[in-house]
Every structure is written in structure tokens, then in C-alpha cells.
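Below: one structure, written as C-alpha cells.
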Amino acid sequence: ESKRESESESESEDDGEREEEREREKNRKSNIIVSWEKMSKSKHNGVSPSDIFETYGVDTARLYTLFKAPPEHALQWDTKQVLGQRRWLLRLEKVVEDVRFDLQRWKEGEICGEVKEKGKEREMKTPFLLSYPPPVTEKDIVLLRAVREAVESAGQSMDAHPPGLNKVIAHLMKLSNELSASLDAVSTPTPIHALVMRSLLIMLSPMAPHCASEFWERLHTVRGREGAMWSVEGCSWAGERMSGLKGVGVFDFSWPSSDAWLDSHDSPTVDFVLAVNGKKRSLVSIPVNEVENESYLKETVLSDEMAGLKLTSNDIERIVIPRGR
Numbered sequence: 003e004s005k006r007e008s009e010s011e012s013e014s015e016d017d018g019e020r021e022e023e024r025e026r027e028k029n030r031k032s033n034i035i036v037s038w039e040k041m042s043k044s045k046h047n048g049v050s051p052s053d054i055f056e057t058y059g060v061d062t063a064r065l066y067t068l069f070k071a072p073p074e075h076a077l078q079w080d081t082k083q084v085l086g087q088r089r090w091l092l093r094l095e096k097v098v099e100d101v102r103f104d105l106q107r108w109k110e111g112e113i114c115g116e117v118k119e120k121g122k123e124r125e126m127k128t129p130f131l132l133s134y135p136p137p138v139t140e141k142d143i144v145l146l147r148a149v150r151e152a153v154e155s156a157g158q159s160m161d162a163h164p165p166g167l168n169k170v171i172a173h174l175m176k177l178s179n180e181l182s183a184s185l186d187a188v189s190t191p192t193p194i195h196a197l198v199m200r201s202l203l204i205m206l207s208p209m210a211p212h213c214a215s216e217f218w219e220r221l222h223t224v225r226g227r228e229g230a231m232w233s234v235e236g237c238s239w240a241g242e243r244m245s246g247l248k249g250v251g252v253f254d255f256s257w258p259s260s261d262a263w264l265d266s267h268d269s270p271t272v273d274f275v276l277a278v279n280g281k282k283r284s285l286v287s288i289p290v291n292e293v294e295n296e297s298y299l300k301e302t303v304l305s306d307e308m309a310g311l312k313l314t315s316n317d318i319e320r321i322v323i324p325r326g327r
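Okay, so the sequence shown: first residue is 3 according to the numbering used here, each after it adds one.
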């Protein structure tokens, strides 16, 4: 009996101790105060840059600090949020692999011609020259508008005093999302996707030079042909080689700028019915500023799958545009 009493007393003491512990825990939780302090050696609250570089990479750390706040402002460091920039770079790497050209597509001759001349092009190891402007589909229009907006907005932010690098990164993230969405909507990437990625990498290079340089080399290296690279001429919105430079790296090209061809795909459009010999063949959207351009209209008719199926440029005697409709 005395043994049972001692066990009962022991259990009651344990219950009392547990109750006191719960009360202390409750009080501790209610008194927790979260505060942010400036990093300093005396407070032993610093974050080692070398640890961040080794874990996430230098470009990731640089993107995080530039995106979190402008360089002239203080920022609240949160290592967990560094992962967001790391994931974005990994997504960009995947997009680069998705839009890379393979040798089979080059052989088909659908999007480029092989450079035959010797000299500079051969020295730069760019045996393939992308035809410009490339063919554009309806699904490409949204992406072209997105890259035009990014080129102009990112350029304005970069030219600001001081430069708004956090805004530039935000514009590039938005453009990369548009590019990913466009790739998801098609079965095979088009030259437009490669050019948009090229433009994005040039704008990314000041903030993430190592990744931009590596992605640029992967993007321009043709699959299935060692050492073969592609190039493009006359495409200012995807970067043009700066004068006096002979390299083919991302830092040898100028900051993208919009051109007339890109602007034409951002203008309002008018829907036209295409009729051949009085018979309706198709429906197309024509930019308002090209409605009076007969050569543009002729190219549109010939490139249309239905209207241009059995036509050549010599078959078109005249183009009639209905007025007042």
C-alpha cells in the first residue's frame, strides 16, 4: 500500500512539473520578439559570403542582393530567399536547352543558310547564319510584344541614375515567364524563341556574368556538330556585335534596342479576309501601319497556308483593298 502511495505521489509530481514546463513554454512563445540588426563582427551575426558562394554560386548571391533592394539601400538578409534566385537561374538553364538548335534542323534549311565565305566568319567559328527577319507565327506575336516591352523597360531602368538593377531583374523574370509559356504552347521551338533568349542573356550579363556567359555559349552551339555555332546579323533587339570586337561571347554584343521590324509586331492590327479569284481562302491580321504596303500584303498572301497554297509571286496580278470597311 505504501508503495502505491509513493507511486501516486511521484506521478502527481511529474504532472506538476509538466504543467510548469508547459506554462514556461507558453510564456516564452508570447515573449519572442523578432528584430533585424545590422551585421557586425561584435554581434557575431554576419553571413559569410564565401559560404553563400560555395552553396549557391556567386551569380545567385549577386542577383539576390541586387533584386532585394537597390545597392544604395539596406536590405534584410534572408538566406532562404536566396533559393528563389537560384531556382530562377536553373529554369533559365532549362529554357536554353529547350531552344537550342540541333543539326537536323539546320540541315533542313528551314531557318538559316550555311556561311560559305572564308575570313572573319570562319575565324569566329560561326558557320551558320540565322536568316533575319525570321518567319513569325500568330503565337510568336505575344512573345515579340513581351521582348519589346522588356528591352525598353530594362533599358530605361539601366540608364537611370542610379541604375535600377532590381527593376531590370524583375523585367527579365517577367520575360522569362513569357518565354516559358510560349514554349509550352508549341511543339517545336522557333527561331523567335532563340532570339528572345539571346536578348534576355545580354540583359542578364551585367548582373549574372558567369551564368549569362555559359548559357550564351550553350545557346549558340549547334547540337550534333562539335565547334559549330550560329550567328545573326541586323537584329538589334537581340544584340549586335560592337564595333572593333571580333569575339562571339555575350560581352561582345551591344545592349538590345527595339527596331522597326519588332515595332511592327506591337502595333494594332486589322483583320482581313483573303479572297483569291473571288473565293474566300483565309483570314489574316495585318498591322495598321502595313495596310497600304502592297509588298507586305503580297508576302502575307503567299505565306498564308490556305491562300498561298497554289500561288506564286508571278500569279498575283493585283491586290484589291476594300475601302471604308
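All residues carry an ideal CB built from backbone N, CA and C; glycine is no exception.
Rounded separation between residue i and residue j - CA only
i    : j    : result
K141 : S155 : 22 Å
L202 : L177 : 8 Å
E99  : V322 : 45 Å
V144 : S245 : 32 Å
W257 : L197 : 14 Å
L131 : M231 : 9 Å
P165 : E294 : 41 Å
E216 : E23  : 56 Å
E242 : E235 : 7 Å
K127 : E56  : In this prediction, K127 has a pLDDT of 47, which is less than 50 and means its spatial position is unreliable; nothing more can be read from the coordinates.
W218 : K300 : 37 Å
Top-ranked residue by Cα proximity to residue i, from the options
i    : options                : result
V84  : A196, L202, D53        : D53
F255 : L206, D104, K96        : L206
S133 : H173, E56, S233        : S233
R227 : R102, P135, W79, A172  : R102
H222 : S159, E294, D104, V275 : D104
L94  : L68, R220, F69         : R220
Y58  : K82, D273, I288, G249  : K82
P51  : H75, K70, W79, E25     : W79
V252 : R147, T139, M199       : M199
P135 : V250, H75, P193        : P193
R88  : M175, E296, E25        : M175
Beta-carbon gap between residue i and residue j smaller than 8 Å
i    : j    : result
D351 : S284 : Past the edges of the chain, shown from 3 to 327, lies residue 351, and the structure says nothing about it.
W239 : S266 : no
H195 : L185 : yes
L304 : R150 : no
M167 : V97  : Residue identity check: residue 167 is Leu in the sequence provided, not Met. Going by C-beta atoms, L167 is not nearer than 8 Å to V97.
F69  : I171 : yes
Query raised in the report: Counting pairs of beta carbons, one from the region 269–285 and one from the region 187–195, are three or more of them closer than 8 Å?
Result: Because the criterion of three Cβ pairs below 8 Å is not met, the region 269–285 and the region 187–195 do not touch.
Query raised in the report: Would you say the region 211–219 touches the region 58–69, given that touching needs at least three Cβ pairs under 8 Å?
Result: Counting Cβ pairs under 8 Å, three or more are found: they touch.
Query raised in the report: What are the start and end residues of each continuous beta strand (DSSP E) run of 3 or more residues lying completely inside the region 125–173, in chain order?
Result: Qualifying beta strand (DSSP E) stretches, in chain order: 130–132.
Report task. Identify every run of the alpha helix (DSSP H) within the region 235–272, keeping only runs that are complete inside it and at least 4 residues long; order them along the chain. Result -> Those alpha helix (DSSP H) runs which fall completely within the region 235–272 and span 4+ residues are 262–266.
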